[in-house]
Amino acid sequence: MRRIYLDYAATTPTHPLVLKAMLPWFTDGFGNPSSIHSFGQEAKGAIEEAREKVARLVGAKSDEIVFTGSGTEADNFAIKGVAYAKEHEGKHIITTAIEHHAVIETCKFLEKRGFKVTYLSVDRDGLVDLGEVKKAITDETILISVMHANNEIGTIEPIQEIARIAKDREICFHTDAVQTVGHLPVDVDELKVDLVSISAHKFCGPKGVGALYIRKGTRIVPFMNGGEQEHGRRASTQNVPGIVGFGKACQLAQEEMGQEKERLETLRDKLIKGILNRIDHVHLNGHPTQRLPNNVNISLEFVEGESILLNLDLMGIAASTGSACSSSVLEASHVLLALGLPHESAHSSLRFSLGQETTEKDVDYVLEKLPQIVKKLRAMSPLYKPGRK
Amino acid sequence: MKRTKDLRSLYSEKVMEHFQNPRNVGEMESPDGIGHVGNPVCGDIMELYIKVKDDIIIDAKFKTFGCGAAIATSSMVTEMVKGKTIEQALKISNKAVAEALDGLPPIKMHCSALAEEALKLAIEDYLAKSKRK
Numbered sequence: 000m001r002r003i004y005l006d007y008a009a010t011t012p013t014h015p016l017v018l019k020a021m022l023p024w025f026t027d028g029f030g031n032p033s034s035i036h037s038f039g040q041e042a043k044g045a046i047e048e049a050r051e052k053v054a055r056l057v058g059a060k061s062d063e064i065v066f067t068g069s070g071t072e073a074d075n076f077a078i079k080g081v082a083y084a085k086e087h088e089g090k091h092i093i094t095t096a097i098e099h100h101a102v103i104e105t106c107k108f109l110e111k112r113g114f115k116v117t118y119l120s121v122d123r124d125g126l127v128d129l130g131e132v133k134k135a136i137t138d139e140t141i142l143i144s145v146m147h148a149n150n151e152i153g154t155i156e157p158i159q160e161i162a163r164i165a166k167d168r169e170i171c172f173h174t175d176a177v178q179t180v181g182h183l184p185v186d187v188d189e190l191k192v193d194l195v196s197i198s199a200h201k202f203c204g205p206k207g208v209g210a211l212y213i214r215k216g217t218r219i220v221p222f223m224n225g226g227e228q229e230h231g232r233r234a235s236t237q238n239v240p241g242i243v244g245f246g247k248a249c250q251l252a253q254e255e256m257g258q259e260k261e262r263l264e265t266l267r268d269k270l271i272k273g274i275l276n277r278i279d280h281v282h283l284n285g286h287p288t289q290r291l292p293n294n295v296n297i298s299l300e301f302v303e304g305e306s307i308l309l310n311l312d313l314m315g316i317a318a319s320t321g322s323a324c325s326s327s328v329l330e331a332s333h334v335l336l337a338l339g340l341p342h343e344s345a346h347s348s349l350r351f352s353l354g355q356e357t358t359e360k361d362v363d364y365v366l367e368k369l370p371q372i373v374k375k376l377r378a379m380s381p382l383y384k385p386g387r388k
Numbered sequence: 000m001k002r003t004k005d006l007r008s009l010y011s012e013k014v015m016e017h018f019q020n021p022r023n024v025g026e027m028e029s030p031d032g033i034g035h036v037g038n039p040v041c042g043d044i045m046e047l048y049i050k051v052k053d054d055i056i057i058d059a060k061f062k063t064f065g066c067g068a069a070i071a072t073s074s075m076v077t078e079m080v081k082g083k084t085i086e087q088a089l090k091i092s093n094k095a096v097a098e099a100l101d102g103l104p105p106i107k108m109h110c111s112a113l114a115e116e117a118l119k120l121a122i123e124d125y126l127a128k129s130k131r132k
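Spelled out as structure tokens, the structure:
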């Protein structure tokens with residue numbers, strides 16, 4: 000059976016050149032980068048070379064990049080690290096209602112420990128309002144964290160403008176750029192951000208490695224204690240093969256970004272238009288234009304997300320949903336609810352995220368199969384009353 | 000790479016079979032009892048219709064908005080009640096429905112509870128209506 004992967008926002012396949020770059024560091028290059036001997040120094044050289052590649056991709060200096068075990072860890076590091084470093088100056092953090100759980104749950108953790116957190120609402124397209132950011136700032140505010148682009152609905156936030164507001168008030172600014180780095184140009188100086196979370200496996204790097212960009216001069220408490228690795232900021236023997244692969248993925252992303260972005264946008268728009276034309280009672284979630292090049296998120300009214308996913312999977316198509324039924328918490332996506340969607344629509348959501356192996360034929364295949372699935376499920380749905388407009 | 004052939008690691012073969020080919024889908028013309036359960040917040044809505052003759056459920060139909068487990072349990076419960084007396088049907092538990100499907104993942108057990116509840120409500124509706132007659 001034909002298998003079509005359209006869940007690139009969840010993870011991507013490791014690029015063959017990335018894998019090739021990694022392999023020697025499992026075998027001949029097994030040394031510990033902290034060791035003085037040649038085995039160690041070779042490994043150290045490899046991670047420093049990778050650090051430069053990561054730094055180059057985001058316009059940073061290499062000593063501003065700290066390798067972590069994931070994007071989630073980078074978010075935890077940024078938020079807890081700044082909160083603990085500045086808790087004597089104030090205990091207020093501003094973030095949004097649509098952040099990844101790595102940010103939201105970390106903020107909730109801090110709330111239980113005496114911090115105050117403002118979760119900014121968003122408009123129907125998922126955009127944060129700049130006026131709301133300004134209004135939320137108090138003398139106690141020590142950190143603002145707003146994601147660069149949302150992983151579910153693809154909306155790209157006005158990070159540069161929010162960072163400027165933070166800078167004017169001398170407040171530290173963090174952005175979770177897990178969905179954008181490697182896909183869209185990200186320049187830390189242009190965006191004027193202090194902290195940026197990055198994940199390798201979202202753009203053809205390996206899993207289990209990420210990074211936090213920390214602007215020079217930013218006060219932050221180390222994430223792990225127990226060694227001098229990463230300038231004492233993140234103790235642990237480095238994941239050398241992972242880091243090397245991460246560096247290679249950054250290099251490849253830099254080389255291919257422009258062309259790939261345009262190609263994906265064309266496919267994305269074809270898929271969106273095709274679905275809207277072929278199926279009634281469908282709407283697009285997220286911003287119509289200010290969105291990730293590879294993100295399609297729709298609500299197919301009167302049918303439930305998991306049942307669509309199962310049917311798609313039976314036809315070889317892999318996608319994702321914000322319905323509670325697919326999660327272990329039995330709650331619909333907090334992102335979709337934050338847009339003001341009724342619960343039924345949140346449960347009816349479906350996300351396709353495109354990637355480097357997606358072709359026009361794949362899009363055509365989805366456009367052929369999806370209407371059949373929706374028709375079948377609507378025939379079973381008590382919510383669907385044919386003829387209703 | 001070893002691949003599981005389909006979604007059996009998530010759902011049993013029987014669940015997938017009922018999910019793909021659900022029995023007794025649709026509304027019923029002048030049913031003797033209707034059970035409506037669920038709410039949009041949790042994401043499962045089920046409607047169950049029964050036709051009763053001489054205290055025996057001679058037909059059952061359903062309409063469900065929900066996940067794979069919700070659709071499969073709806074299908075299974077309508078199969079199970081057909082031919083049963085009201086008394087027998089009232090004894091069908093959510094556990095029995097889940098077992099008939101060769102089990103459900105623990106997180107999906109509430110779907111079978113929903114099916115049991117829909118059935119109970121349909122029977123209650125029938126009993127209330129027949130009293131009025």
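As they're listed, the protein sequences go chains A and B.
Note that numbering that gives the first Met the number 0 gives residue 338 to position 339 of the first sequence, counting from 1, and the numbers run on in steps of one.
Note that numbering that gives the first Met the number 0 gives residue 15 to position 16 of the second sequence, counting from 1, and the numbers run on in steps of one.
Backbone N, C-alpha and C define an ideal beta-carbon position, used for all residues, glycine too.
Below-8 Å beta-carbon distance, residue i vs any chain B residue
i: Ser306 (chain A); result: yes
i: Pro341 (chain A); result: yes
i: Phe222 (chain A); result: no
i: His346 (chain A); result: yes
i: Phe29 (chain A); result: no
i: Lys388 (chain A); result: Any reading at Lys388 (chain A) needs caution, since the residue's pLDDT is 47, under 50, leaving its predicted position unreliable; the model's value is listed next. Chain B, which has no Cβ nearer than 8 Å to the Cβ of Lys388 (chain A), makes this no.
i: Ser380 (chain A); result: yes
Residue i classed as buried or exposed, judged by whether at least 16 other C-beta atoms fall within 10 angstroms
i: Thr174 (chain A); result: buried
i: Thr358 (chain A); result: exposed
i: Phe25 (chain A); result: exposed
i: Ile152 (chain A); result: buried
i: Gln250 (chain A); result: buried
i: Leu354 (chain A); result: Per the sequence shown, residue 354 (chain A) should be read as Gly rather than Leu. By the 10 Å Cβ count, Gly354 (chain A) comes out buried.
i: Phe29 (chain A); result: exposed
i: Pro105 (chain B); result: exposed
i: Met146 (chain A); result: buried
i: Gly113 (chain A); result: exposed
Simplified DSSP state of residue i, which is helix, strand or coil
i: Arg277 (chain A); result: helix
i: Glu169 (chain A); result: coil
i: Val302 (chain A); result: coil
i: Ile316 (chain A); result: strand
i: Ala9 (chain A); result: coil
i: Leu308 (chain A); result: helix
i: Arg232 (chain A); result: coil
i: Ala176 (chain A); result: coil
i: Ser11 (chain B); result: coil
i: Ile197 (chain A); result: strand
Cα-Cα separation, residue i to residue j
i: Gly339 (chain A); j: Gly68 (chain A); result: 34 Å
i: Ser37 (chain A); j: Val65 (chain A); result: 23 Å
i: Gln237 (chain A); j: Ala49 (chain A); result: 12 Å
i: Pro157 (chain A); j: Asp122 (chain A); result: 13 Å
i: Asp124 (chain A); j: Pro287 (chain A); result: 8 Å
i: Glu227 (chain A); j: Pro32 (chain A); result: 11 Å
i: Glu115 (chain B); j: Leu376 (chain A); result: 22 Å
i: Lys13 (chain B); j: Pro21 (chain B); result: 11 Å
i: Lys388 (chain A); j: Ser322 (chain A); result: Per-residue confidence for Lys388 (chain A) stands at a pLDDT of 47, beneath the threshold of 50, marking its modelled position as unreliable; no derived number is given.
i: Ala252 (chain A); j: His182 (chain A); result: 7 Å
i: Glu123 (chain B); j: His280 (chain A); result: 35 Å
i: Gly102 (chain B); j: Ser11 (chain B); result: 7 Å
i: Thr3 (chain B); j: Leu9 (chain B); result: Residue confidence is low: Thr3 (chain B) scores 49 on pLDDT, short of 50, so the model does not pin down where it sits. No coordinate-derived value is stated.
i: Asp43 (chain B); j: Val187 (chain A); result: 45 Å
i: Pro240 (chain A); j: Glu305 (chain A); result: 36 Å
i: Asp53 (chain B); j: Glu343 (chain A); result: 39 Å
i: Lys134 (chain A); j: Val365 (chain A); result: 44 Å
i: Thr72 (chain B); j: Ala345 (chain A); result: 23 Å
i: His91 (chain A); j: Lys60 (chain B); result: 55 Å
Interface flag, residue i vs chain A, CB-CB below 8 Å
i: Gly102 (chain B); result: no
i: Glu115 (chain B); result: no
i: Glu78 (chain B); result: no
i: Glu46 (chain B); result: yes
i: Lys130 (chain B); result: no
i: Thr133 (chain B); result: Past the edges of chain B, shown from 0 to 132, lies residue 133 (chain B), and the structure says nothing about it.
i: Val40 (chain B); result: yes
i: Gly65 (chain B); result: yes
i: Gln19 (chain B); result: yes
i: Lys62 (chain B); result: yes
The ligand FAD heavy atom lying under 7 Å from the CB of residue i
i: Ser8 (chain B); result: The model depicted lacks the ligand FAD and carries no ligand whatsoever.
Exercise. Can you give, in chain order, each stretch of the beta strand (DSSP E) that sits fully within the stretch 73 to 105 of chain A and has at least 3 residues?
Worked result: 91 to 95
Problem set entry | Those runs of the beta strand (DSSP E) which lie wholly inside the stretch 53 to 124 of chain B and span at least 3 residues | 55 to 64
Exercise. What are the uninterrupted segments assigned as beta strand (DSSP E) that are 3 or more residues long and contained completely in the stretch 337 to 367 of chain A, given in chain order?
Worked result: 348 to 352
Exercise. Which whole runs of the beta strand (DSSP E) in the stretch 105 to 156 of chain A are 3 residues long or more, in chain order?
Worked result: 115 to 119, 140 to 144
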